[in-house]
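Residue numbers for the sequence shown follow the working numbering, beginning at 133 and rising by one.
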Amino acid sequence: MKVDIKTKLDSLCAKRDLSESDVSYLMVLVRKYLEFPNMEKKREFIPLKFFCDWTLHISIEHSIPAMEMLVKLNDTIVRLKQVPDNNLLMKEITKVVSFPILKDQLHKFLTFIGVKDELTTKDSNWTAFLENYVEIIRDQVITFPDQMNSENWRHKVLLTYYNKIKSNPIKKGCWTIGLSLSLINENFFKGISIPSQHFLFCLILYSSDTTKIVIPLARQEMFQAEK
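Pasting the structure below:
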């Protein structure tokens with residue numbers, strides 16, 4: 133079965149224009165390969181497993197890499213909340229959700245199993261992959277569980293991340309508890325109730341006081357090749 137999965141990954145990674153279904157299938161294949169009990173270096177690819185899971189589930193609640201992303205986003209907002217330059221906030225937030233970890237993990241995984249990696253090493257292929265990937269995970273929420281019991285070992289680990297965020301609030305009584313990526317009508321930011329034909333790709337942060345913080349992302353920077 134490993135050989136069959138590798139053959140299919142070889143074929144997908146050689147394609148120039150990946151479709152949304154191609155990307156979805158590729159992540160399923162990667163997830164299957166990672167599930168093999170004798171998979172070497174499995175622990176090194178825990179973040180990659182999370183990115184695979186994000187394409188398969190409408191909500192992610194028990195992933196350490198996901199919680200690390202929440203910590204980074206919360207810290208970034210706190211660090212820049214007094215900066216008047218909104219473009220700087222957009223750019224810094226975009227860096228967190230532009231998936232450099234996914235790119236690095238995929239490259240290491242494909243190389244490790246012997247697949248020729250034309251997916252992450254060619255800018256056009258990676259851009260096509262990422263555009264489809266974010267469409268798949270759009271509106272699928274990363275969040276802490278509603279209830280966490282410190283007696284539960286899994287919850288105990290999650291609580292360390294939750295408490296780290298809580299100790300660095302955006303404002304009094306307000307800290308990050310979840311996120312999703314979504315398309316928001318541009319008129320929302322203009323205070324106009326009638327929707328236009330144009331949408332902005334945005335990060336939605338869910339906070340402890342039920343506030344939703346909507347931050348437009350620098351879409352061009354998110355998908356452009358790294359310099």
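Ideal Cβ positions, reconstructed from N, Cα and C, are used throughout, including at glycine.
To which residues of the same chain is Ile-233 closer than 7 Å at the C-beta, ignoring the five residues directly before and after it?
Pro-179
List the endpoints of the continuous alpha helix (DSSP H) containing Ile-209.
196–212
Please report the Cβ distance between Glu-193 and Leu-212, rounded to the nearest whole angstrom; I am assuming they are in contact, meaning their Cβ atoms lie under 8 Å.
Incorrect: roughly 27 Å between the Cβ atoms, too far for contact.
Verify whether the separation of the beta carbon atoms of Ile-268 and Glu-172 is less than 8 Å.
no
DSSP three-state call for Ser-314: helix, strand or coil?
strand
Extent of the continuous beta strand (DSSP E) to which Ser-339 belongs:
331–339
Return the CA-CA distance between Ser-328 and Asn-317, expressed in angstroms with no decimal places.
7 Å
Answer yes or no: do Val-229 and Leu-335 have a C-beta to C-beta separation smaller than 8 Å?
yes
Within this structure, are the beta carbons of Phe-182 and Ser-195 separated by less than 8 Å?
yes
Who are the Cβ neighbours of Lys-227 in its own chain at under 7 Å, not counting the five residues just before and after it?
none
Rounded to a whole number of angstroms, what is the C-alpha to C-alpha distance between Asn-284 and Leu-141?
37 Å
I'd like to check one pair, Gly-305 with Ile-274: are the Cβ atoms closer than 8 Å?
no
Could you check what DSSP says for Val-135 in three-state terms: helix, strand or coil?
helix
Helix, strand or coil at Ser-151 [DSSP, three-state]:
coil
Output yes or no for whether 8 Å exceeds the beta carbon distance between Met-280 and Tyr-293.
no
In this structure, what does DSSP give as the bridge partners for Lys-344?
Tyr-338
Asn-300 to Ala-198 span [Cα, whole Å]:
18 Å
Per DSSP, what kind of secondary structure is Asn-325 in: helix, strand or coil?
Correcting the residue type first, residue 325 is Ser in the shown sequence and not Asn. In the structure shown, Ser-325 sits in coil (DSSP, three-state: anything other than H, G, I, E or B).
Report buried or exposed for Phe-321, applying the criterion of at least 16 other Cβ atoms within 10 angstroms of its Cβ.
exposed
Just to confirm, is the Cβ distance from Thr-187 to Ser-156 under 8 Å?
yes
Start and end residues, beta strand (DSSP E) containing Val-273:
273–275
Do Trp-258 and Lys-235 have their C-beta atoms closer together than 8 Å?
yes
Roughly how many angstroms lie between the CA atoms of Lys-248 and Val-162, to the nearest whole one?
14 Å
For Lys-304, does the three-state DSSP call read helix, strand or coil?
coil
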